[in-house]
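**Student:** So that we are looking at the same thing, I have put the structure below in structure tokens.
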Amino acid sequence: MPPLPVIDRPRLLRRLGAALRQGHVLIEAPPGYGKSTLLRAFALHTPHAHYLALTPADADLRQLQTRLQTQLQPGALLLLDDVHTLHDAPDTLAWLIDQLRVSIGYFALSGRQMPSMIEPFIQTRFTAAELAFTPNETAALLRDHTRARDWQARTQGWPLALALIARGPIEPAAPQRPDSLFEYLAQTLLHGLPADLLRYLQITAVPLRFSDELAATLLDEKIDRAVELRVEVQRRNLFIETIDQPGWFKYHDLIREFLLTTLNDVTPLFDRAVQWFEARGAREQAIEHALAGQRYDSAIRLLLEVPVNFVRGQGRFQTYRRWVLSLPAVLLDQQPALLVQLGYYLFDVPGLRDEAWAHVQRSLAIAERDGDHVVGWRARTRLGLFQYRTGHYDEALSTLHSVLHADGLPDVDRRYALRLVCVVLGETHRFREARRAYLDAIALAQAAGDVEEELFNRQNLAITVLAPLGEFTAAAAHMQIALDHYADLPGLRVRCLHMLCDLHLYTGDWDALERAQDEIEALTQTVESVEVGDQTWPPFYRAVIATGRGDLINA
């Protein structure tokens with residue numbers, strides 16, 4: 010079978026270029042109309058044009074901002090494909106609309122069905138009618154004017170269908186309906202392929218994206234053979250697409266969905282893909298493939314193992330929420346530990362606090378139904394945290410004490426619940442009770458060998474309890490223990506020094522406060538980046554020092 014001719018579409022490239030000089034562009038059409046092909050071709054031939062195919066992960070605002078941060082430059086042309094994946098992400102869409110409004114560069118937004126809120130900012134719109142092949146383009150593709158006229162009329166210029174027709178002889182009695190015609194054409198394409206290429210297409214259609222190494226694993230072939238097969242598939246223009254990650258490929262969605270229907274059992278292949286990604290530390294792709302392949306046991310295990318730093322440290326709250334809520338409701342009803350974890354992560358996300366409460370309360374109900382005491386205690390502790398964070402201090406203390414009085418409470422849960430009790434007592438100025446609670450918490454942490462928990466409690470005891478009580482010497486001793494521990498950890502020592510500055514504020518020791526600030530400034534030069542809070546406090550403390558010394562102008 011000869012390779013399919015590549016048909017340049019200069020009329021569309023010219024029109025897109027002219028439209029982007031005037032403002033933002035919307036490209037909206039069903040699958041198979043060449044939206045991605047047009048944007049890729051334009052990016053290839055246009056300076057300062059950047060193509061980016063969005064995925065469901067980009068519904069998470071932090072993820073999309075990270076991917077776009079280097080491209081958001083004045084004069085840039087940003088070509089965003091598959092924008093329909095943001096349809097259920099109002100915060101991310103609102104941010105994207107802000108970028109359209111600011112217009113530091115021009116956007117071409119492509120998708121199947123675009124959110125209506127985008128349209129007021131669009132100057133030019135491309136639809137299926139504009140993207141459909143013209144009679145001349147169809148004739149050039151099929152290399153037969155007579156045959157082209159018939160298929161142009163029957164397909165209405167649908168590019169993907171015409172690309173399949175160009176593969177070989179098609180029976181005149183082929184179905185008329187577009188969905189039936191596509192299936193018929195795709196089956197015709199597969200019947201004409203050598204067995205090894207057909208198997209390659211089927212197997213590599215299982216992962217959402219694949220590399221040569223992953224393909225070799227799934228095919229049980231050597232890497233060189235996998236490369237040979239991929240090159241031949243590309244030579245024949247068999248709908249394999251490169252993506253923005255070098256060395257990775259995917260199929261057009263319609264082609265992939267059809268190829269999957271030709272396999273009897275994709276479960277073992279999805280399992281191998283999940284294992285492959287997991288073994289290489291690609292946790293996100295492992296979870297995405299576990300969910301896509303309905304390998305829910307693997308997905309639940311991976312979701313429970315997601316580190317706090319991924320969700321909270323990288324701000325991937327919406328991604329974690331999408332993953333968990335992709336599970337069938339009947340399975341979630343058996344996973345109270347996952348629900349309590351989801352609720353904990355969502356509590357501080359704007360607009361999701363009520364949902365966070367609901368997840369944790371549902372978790373508690375399931376745990377009590379199933380007699381799962383450990384998860385039930387964990388859920389109650391999270392509810393105590395929520396009550397404290399919303400100013401319901403007495404309710405929080407009551408909830409947390411009910412957990413602490415439970416028989417069989419694991420030490421790690423006891424330490425966390427006691428930490429929260431200490432914080433609530435300190436913030437409500439019950440200093441004597443707070444001191445006793447903090448000393449108990451420190452003793453528990455020491456017994457467990459949990460140094461970080463011990464130091465957390467020492468610092469909070471010093472600043473929130475001992476300093477207000479005027480016990481400055483004891484407070485300084487606790488702070489010094491933490492400072493000594495963090496001597497070779499500049500990022501954590503900076504955080505500890507900021508708390509020490511609060512102690513110096515209590516005592517009015519401006520010289521000591523200045524020395525602490527000098528050390529903070531020196532330490533921040535030794536780390537790659539500084540957290541937002543650590544950037545905010547130094548000017549404040551410098552102003553306080555100046556105020557304390559009577560230098561109000563500098564303050």
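When you line the sequence shown up against this note's numbering, it's residues 10 to 564, in that order.
No residue lacks a Cβ here, since even glycine has one placed at the ideal position from N, Cα and C.
Quick one: give me the first and last residue of the alpha helix (DSSP H) that Pro34 is part of.
**Tutor:** First, the amino acid is wrong: residue 34 is Val here, not Pro. Run containing Val34: none in the alpha helix (DSSP H); it sits in the beta strand (DSSP E), 34-37.
**Student:** Give me the Cα-Cα distance between Asn246 and Ala172, rounded to the nearest whole angstrom.
**Tutor:** Distance between the alpha carbons of Asn246 and Ala172: 10 Å.
**Student:** Going straight from the alpha carbon of Leu373 to that of Thr75, what length do you get?
**Tutor:** One C-alpha to the other measures close to 36 Å.
**Student:** For Asp403, report the span of its beta strand (DSSP E) as first-last.
**Tutor:** Careful: Asp403 lies outside any beta strand (DSSP E), inside the alpha helix (DSSP H) at 402-413.
**Student:** Would you call Lys231 buried or exposed, if buried means 16 or more other Cβ atoms sit within 10 Å of its Cβ?
**Tutor:** Exposed, since its Cβ has fewer than 16 Cβ neighbours within 10 Å.
**Student:** Tell me, to the nearest whole angstrom, how far the beta carbon of Leu88 is from that of His59; I am working on the premise that it is less than 8 Å.
**Tutor:** Between His59 and Leu88 the Cβ distance is about 7 Å, and since that is below 8 Å, they are a contact.
**Student:** Cα separation between Phe51 and Ser335?
**Tutor:** Their backbone Cα atoms lie some 35 Å apart in a straight line.
**Student:** Hey, does His33 have any beta-carbon neighbour from chain B nearer than 8 Å?
**Tutor:** Looking for chain B here will not work: only one protein chain is present.
**Student:** If you draw a straight line from the alpha carbon of Thr41 to that of Ala170, how long is it in whole angstroms?
**Tutor:** The sequence shown places Gly at residue 41, rather than the Thr named in the question. Looking at the two C-alpha atoms, the distance is approximately 8 Å.
**Student:** Use the C-beta contact count for Thr276: other C-beta atoms within 10 angstroms, 16 or more gives buried, fewer gives exposed.
**Tutor:** When all chains shown are included, Thr276 counts as exposed.
**Student:** Give the straight-line distance between the Cα atoms of Ala299 and Val315, rounded to the nearest whole angstrom.
**Tutor:** Those two C-alpha atoms are separated by around 14 Å.
**Student:** Taking the CB atoms as reference points, tell me whether Thr101 and Ala68 lie closer together than 8 Å.
**Tutor:** Yes.
**Student:** Quick check on DSSP: helix, strand or coil for Arg234?
**Tutor:** If DSSP states are grouped into helix, strand and coil, Arg234 belongs with the helices.
**Student:** Less than 8 Å between the C-beta atoms of Leu418 and Gly393, yes or no?
**Tutor:** Contact: no.
**Student:** Any idea which residues DSSP pairs Gly566 with across the strands?
**Tutor:** Here the chain has residues from 10 to 564 only, and residue 566 is not among them.
**Student:** Please report the Cβ distance between Ile554 and Trp519, rounded to the nearest whole angstrom; I am assuming they are in contact, meaning their Cβ atoms lie under 8 Å.
**Tutor:** Rounded, the Cβ-Cβ distance is 5 Å, consistent with contact.
**Student:** Checking the sheet assignment: what are the DSSP bridge partners for His59?
**Tutor:** DSSP lists Leu87 as partners of His59.
**Student:** What separation, rounded to the nearest whole angstrom, lies between the Cα atoms of Gln284 and His513?
**Tutor:** About 53 Å.
**Student:** With 16 other CB atoms within 10 Å as the buried threshold, where does Arg20 fall?
**Tutor:** It counts as exposed.
**Student:** Apart from the five residues just before and just after Arg378, which ones in its own chain have a Cβ nearer than 6 Å to its Cβ?
**Tutor:** Closer than 6 Å at Cβ, skipping near neighbours: no residue.
**Student:** First and last residue of the alpha helix (DSSP H) that includes Ile472?
**Tutor:** Here Ile472 belongs to no alpha helix (DSSP H), and DSSP marks it neither H nor E.
**Student:** Write down the C-beta distance between Leu272 and Ile296 rounded to the nearest angstrom, noting that I regard them as a contact closer than 8 Å.
**Tutor:** Not confirmed; about 22 Å, so no contact.
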